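Asks: One structure is given below, represented as structure tokens, and several questions about it will come after.
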Amino acid sequence: MASSATHISVLYFANPILPKRPSSPSMLNPKAMAKELHFNQDGSTTKKLQAGVDMVAELVGVTLGPKGRNVVLQNKYGPPKIVNDGETVLKEIELEDPLENVGVKLVRQAGARTNDLAGDGSTTSIILAQGLIAEGLKVIAAGMNPVQIARGIEKTAKALVSELKLMSREVEDNELADVAAVSAGNDHAVGNMIADALHQVGKKGVVTIEKGKSTENSLQIVEGMQFDRGYLSPYFVTDRQKMTVEFHNCKLLLVDKKITSPKEMFKILDSAVKEKYPIVIVAEGIEQEALAPVIRNKLRGVLMAAAIKAPAFGERKSLYLDDIAILTGGTVIRDEMGLTLEKAGKEVLGSATKVLITKDSTLLVTDGSTCEAVEKRVSQIQGLVENTEENFQKKILNERIARLSGGIAILQVGAQSQVELKDKQLRIEDALNATKSAIEEGVVVGGGCCLLRLSTKVDGIKQLLDNEEQKIGAEIFRRALYYPARLIAKNAGVNGSVVIEKILSNDNINYGYNAARDCYEDLMKAGIIDPSKVVRCCLEHATSVAKSFLTSSAVVVDIKELEPIPRRPPMLTSGLSPMNF
Numbered sequence: 298m299a300s301s302a303t304h305i306s307v308l309y310f311a312n313p314i315l316p317k318r319p320s321s322p323s324m325l326n327p328k329a330m331a332k333e334l335h336f337n338q339d340g341s342t343t344k345k346l347q348a349g350v351d352m353v354a355e356l357v358g359v360t361l362g363p364k365g366r367n368v369v370l371q372n373k374y375g376p377p378k379i380v381n382d383g384e385t386v387l388k389e390i391e392l393e394d395p396l397e398n399v400g401v402k403l404v405r406q407a408g409a410r411t412n413d414l415a416g417d418g419s420t421t422s423i424i425l426a427q428g429l430i431a432e433g434l435k436v437i438a439a440g441m442n443p444v445q446i447a448r449g450i451e452k453t454a455k456a457l458v459s460e461l462k463l464m465s466r467e468v469e470d471n472e473l474a475d476v477a478a479v480s481a482g483n484d485h486a487v488g489n490m491i492a493d494a495l496h497q498v499g500k501k502g503v504v505t506i507e508k509g510k511s512t513e514n515s516l517q518i519v520e521g522m523q524f525d526r527g528y529l530s531p532y533f534v535t536d537r538q539k540m541t542v543e544f545h546n547c548k549l550l551l552v553d554k555k556i557t558s559p560k561e562m563f564k565i566l567d568s569a570v571k572e573k574y575p576i577v578i579v580a581e582g583i584e585q586e587a588l589a590p591v592i593r594n595k596l597r598g599v600l601m602a603a604a605i606k607a608p609a610f611g612e613r614k615s616l617y618l619d620d621i622a623i624l625t626g627g628t629v630i631r632d633e634m635g636l637t638l639e640k641a642g643k644e645v646l647g648s649a650t651k652v653l654i655t656k657d658s659t660l661l662v663t664d665g666s667t668c669e670a671v672e673k674r675v676s677q678i679q680g681l682v683e684n685t686e687e688n689f690q691k692k693i694l695n696e697r698i699a700r701l702s703g704g705i706a707i708l709q710v711g712a713q714s715q716v717e718l719k720d721k722q723l724r725i726e727d728a729l730n731a732t733k734s735a736i737e738e739g740v741v742v743g744g745g746c747c748l749l750r751l752s753t754k755v756d757g758i759k760q761l762l763d764n765e766e767q768k769i770g771a772e773i774f775r776r777a778l779y780y781p782a783r784l785i786a787k788n789a790g791v792n793g794s795v796v797i798e799k800i801l802s803n804d805n806i807n808y809g810y811n812a813a814r815d816c817y818e819d820l821m822k823a824g825i826i827d828p829s830k831v832v833r834c835c836l837e838h839a840t841s842v843a844k845s846f847l848t849s850s851a852v853v854v855d856i857k858e859l860e861p862i863p864r865r866p867p868m869l870t871s872g873l874s875p876m877n878f
């Protein structure tokens, strides 16, 4: 009993008395209110902002295309990182000049938003935004109305997205490897591995990336499931950089009701503390009063835990929990079945070799020990499908079958060093995201050629605009669409203007410049393909940033605090050491 009491005392479930919050921001930091205002009366503010935009575009631009170069990033706590990924480079850029840094942060939004939605294309977004801003500032300096120019750019972007949809087509199975390879910097081994993974788990199957145990890349198919529910609190995060929760050899508590009191979970959580295993709580809901002690004990380092809301609602939610229980070998706690949470022991817990939780989704990987139970469950559900006439119910049942039987593909990344590993992981991540985007919205010709073909649609779009200044906005967009192709050519060591002229003189919309082979050919047949979703996001987010930039007339920045001058130590006037003072 003494040992048990010792462990229970470690798990702290009392509600602490919170300190009184300061009544005003100035009580937290009086200097936080001080700001510096910059008005664009003489154009100097815009020049500073544009300088920041140009620096970002120049830096990430060196990575664009198959002949793009690497960027070396300083690392305070280890060897420098060598990357060829625009999104990673973006995160590292901070300039000393506050106005230039605002320009950096503004254009960074275009790349970050595109990467978040499409998983690739951050560099193209920034180059396109730079083109819109540079060309827009030229005409505004000549006296044009910035509001009408921005409106013309915005309307043109919407029309171009419509044209893009007409150019797009569904991706073929044999093209998935090409899409992945292009995004991975023409690495066809990576492209083939991703295509193989999707072939085995299905186009909409789950594919994850992790560090391998050898120097070579490999593919592993495991039992598992993914669903759209994220952690209930960011305090559960174990990786602050990725904002994810990751546990290995984890237990799962499955509860088909709302947990209202922390005392209900005490027995289960105390076992987790005693035996030092991570635990994930999956419940219909958890009241704040019950959740707070779990968070507190996690932050104290006593408990390795996370909590998520059970997927779906009503009867579907209960069936979902049953499926998770079958997969993990656990038991769903239901009061109506005579099993209460307070009395439940660790024997009801499910097991997973790996659990990965983001703010939006949860991935469970198991060891395959429940394979027979899963197959039996799938057979039962298939029987329900055959006896169901309603299409909606059939769809739900087929989704359950896919979740249980689809499996999970794990791309294990091998490398000779930590520096190489980081670069390869980023490339494979980009390639996987690009492939998923291609499956979602189709594909178009790559190599910057799609944007060039869209530029030929601008004359028709002009006819639909309201006035001459909006038409100038459309013309600005046409010029900006040349920027990515010109930069791809420049990185390959050829004249971009000559390349653009030769491409546009050919009527075949798939004809373009293959920078990897230094030749002109049908890029679709050569496997130079871009996901339509990536191109769409580039158009939309570059437009959003450029519109904000061109219509801004003032900037507010923090006043930089002067560093205190270090005080000189007192002069010693005797043989006493400083310790004696």
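Residue numbers (my numbering): 298 to 878.
Even glycine gets a Cβ: it sits at the ideal position worked out from N, Cα and C.
Remember, predicted model here, so these are calculated numbers, not experimental data.
Kindly provide the ranges of any beta strand (DSSP E) runs that are 3 or more residues long and lie completely inside the stretch 755-823, ordered along the chain.
Replies: For the stretch 755-823, whole beta strand (DSSP E) runs of length 3 or above, ordered along the chain, are 808-811 and 816-819.
Asks: Would you identify the three-state DSSP class for residue 515, choosing helix, strand or coil?
Replies: Three-state DSSP puts residue 515 in a strand.
Asks: Which value, in whole angstroms, describes the spacing of the CA atoms of residue 358 and residue 528?
Replies: Going from the Cα of residue 358 to the Cα of residue 528 covers about 36 Å.
Asks: For the beta strand (DSSP E) that residue 333 lies in, which residues bound it at each end?
Replies: Taken as a continuous stretch (DSSP letters only), the beta strand (DSSP E) holding residue 333 covers 332-336.
Asks: Go through its chain and collect everything with a Cβ distance to residue 454's Cβ below 6 Å, but skip five positions before and after it.
Replies: Same-chain partners within the cutoff: 836 and 840.
Asks: Classify residue 696 as buried or exposed, calling it buried when 16 or more other Cβ atoms lie within 10 Å of its own Cβ.
Replies: Exposed, by the Cβ-count rule.
Asks: With distances taken between CB atoms, is the gap from residue 882 to residue 569 smaller than 8 Å?
Replies: A query on residue 882 cannot be resolved here, the shown segment of the chain reaching from 298 to 878 and no further.
Asks: Would you list the residues sitting across from residue 659 in a DSSP beta bridge?
Replies: For residue 659, which the question treats as bridged, DSSP gives the partners 524 and 654.
Asks: Taking C-beta to C-beta, are residue 700 and residue 623 nearer than 8 Å?
Replies: Cβ distance not < 8 Å, so residue 700 and residue 623 don't count as in contact.
Asks: Do the stretch 739-751 and the stretch 796-807 make contact, defined as three or more Cβ pairs closer than 8 Å?
Replies: Cβ pair count under 8 Å is three or more, so yes.
Asks: Which runs of the alpha helix (DSSP H) at least 4 residues long sit entirely within the stretch 562-590? Give them in chain order.
Replies: Here the runs fully enclosed are 563-572.
Asks: Tell me the DSSP secondary structure of residue 682 in three-state form.
Replies: It is helical.
Asks: Figure out for me which residue from 368, 493 and 621 has the closest Cα to the Cα of residue 473.
Replies: Among 368, 493 and 621, the Cα nearest to that of residue 473 belongs to 493.
Asks: Assuming the contact rule is C-beta atoms closer than 8 Å, residue 707 and residue 519 should be a hit. Round their C-beta distance to whole Å, please.
Replies: With a Cβ gap of about 6 Å, residue 707 and residue 519 count as contacting.
Asks: Between the beta-carbon of residue 678 and the beta-carbon of residue 698, is there less than 8 Å?
Replies: Yes, these two residues count as a Cβ contact at 8 Å.
Asks: Taking C-beta to C-beta, are residue 653 and residue 732 nearer than 8 Å?
Replies: No. Outside cutoff.
Asks: Out of 480, 544 and 581, state which residue places its alpha-carbon closest to the alpha-carbon of residue 412.
Replies: Of 480, 544 and 581, the residue nearest in Cα terms is 480.
Asks: Please state the DSSP three-state secondary structure of residue 367.
Replies: Note: residue 367 maps to coil in three-state DSSP.
Asks: Tell me, to the nearest whole angstrom, how far the beta carbon of residue 844 is from that of residue 447; I am working on the premise that it is less than 8 Å.
Replies: That belief holds up - the Cβ atoms of residue 844 and residue 447 are roughly 4 Å apart, short of 8 Å.
Asks: Between 795, 605, 827 and 737, which has its C-alpha nearest residue 501's C-alpha?
Replies: Answer by Cα proximity: 737.
Asks: Taking residue 449 as the reference, which of 468, 791 and 774 has the closest Cα?
Replies: Selected option, being the one with the closest Cα: 774.
Asks: Whose C-alpha, out of 628, 814 and 648, is nearest the C-alpha of residue 660?
Replies: Cα-wise, what sits closest to residue 660 is 648.
Asks: Expressed to the nearest angstrom, what Euclidean distance is found between the alpha-carbon atoms of residue 715 and residue 508?
Replies: One C-alpha to the other measures close to 10 Å.
Asks: Residue 761: buried (16+ other C-beta within 10 angstroms of its C-beta) or exposed?
Replies: By the neighbour-count rule (16 or more Cβ atoms within 10 Å), residue 761 is not buried but exposed.
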